[in-house]
Structure formats: structure tokens, C-alpha cells
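Worksheet: one structure, shown below.
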Amino acid sequence: MAISDYLKDLRSKVGHQLLHIPSVAAIVRDEKNRILLQKTSEDVWSLPAGAIELGETPAQAVIREVWEETNLIVRPRRVAGVFGGENGFHFKYKNGDAVEYVVILFECETVGGELGGRHDETFELEYFPPEKMPKLPINYPHELFLHSADKT
């Protein structure tokens, strides 16, 4: 996730101290019900995700983040869950920045674009069957990935 000017300003004041960050993430599936993950600059697989910018709605944020990281245009279909707290949503980056995310997780439908990294922090994009997904750095309940929005 590229850091916004707002977060850069906060970091300049608090250093690596823990920040509470409202965020979004996307479950994007292909026609085989596989889930799109990205390998990031932190060398881990994750869902397309990022911070909600000032003045932005969560739905706008997830559309922007998916576009920036995957080159896909998505439509949020539903909120799959809202997560946070000590169960895996506290994260420390290699540079020492500590964050605790509150994540609004959206189930999204692809409506355009062509898969390809547009962002300097996305090194690889791949669809995974839910049962073969690598461990994610954020501890989402795995059952969310086992069925699509059409079946909920």
C-alpha cells in the first residue's frame, strides 16, 4: 500500500508508533471461484487492500485500491465483514511502522480492466482456489473464502 500524504504527515509526527488505520480489502473471484491475491513488496501474499483516504467512502476506496493494485475495475457487491482488534489485525512492517487495521472486507465483482500490476508494490498477481490459498498476514476467517457472494 503506498502511503498517502495524510499518513506520511502522521508518521512524521509519531515515527513508528502504532497507528489505527481504517482500511478496505477485496475478495475478487474469477470464473472458477478462485480468489485473487497479490504478492507485495513485503514479499507476502495478500488480498487487494489499502487505507481509506480522507473524504473517501469505503466503497470508493475498495474500487480505487483494486484498480491501483490489479488494473481491474470492480463493483462492490456486499460487505463480507468488518474486522479488527488483536486477532491478527495488528501488523508491523519491515521498516518498523506499526499499524492496527480495522478492515471492511468487500466481496467484489470484476466489471472491466485487464489483470496486471499497476502499482510499484505489486510484484505478482495470482488466483488461488480457496482451499489452496497461502497464509495471509491479516487473519480473516477462512470460511469467507469458501463460497461466493452468489451462494450466501
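Numbered according to this note's numbering, the sequence shown terminates at residue 152, and the numbering increases by one at each position without gaps.
Think of the CB as a built atom: it goes at the ideal place given N, C-alpha and C, for glycine as much as any other residue.
- Residue 126: member of the beta strand (DSSP E) spanning 122-128, first to last residue.
- In this structure, the alpha-carbon of residue 26 lies about 19 Å from that of residue 120.
- Fewer than three pairs of CB atoms, one per stretch, sit closer than 8 Å, so the region 50-59 makes no contact with the region 83-94.
- In its chain, beyond the 5 residues on either side, 25, 80 and 81 have a beta carbon closer than 6 Å to the beta carbon of residue 105.
- The beta carbon of residue 19 sits closer than 6 Å to the beta carbons of 99 from its chain, once the five residues preceding and following it are set aside; these are given in chain order.
- Secondary structure note for residue 104: its beta strand (DSSP E) is the uninterrupted segment 98-113.
- Taken through DSSP and simplified to helix, strand or coil, residue 12 comes out as helix.
- Taking 8 Å as the upper bound for CB-CB distance, residue 89 and residue 138 are in contact here, some 6 Å apart.
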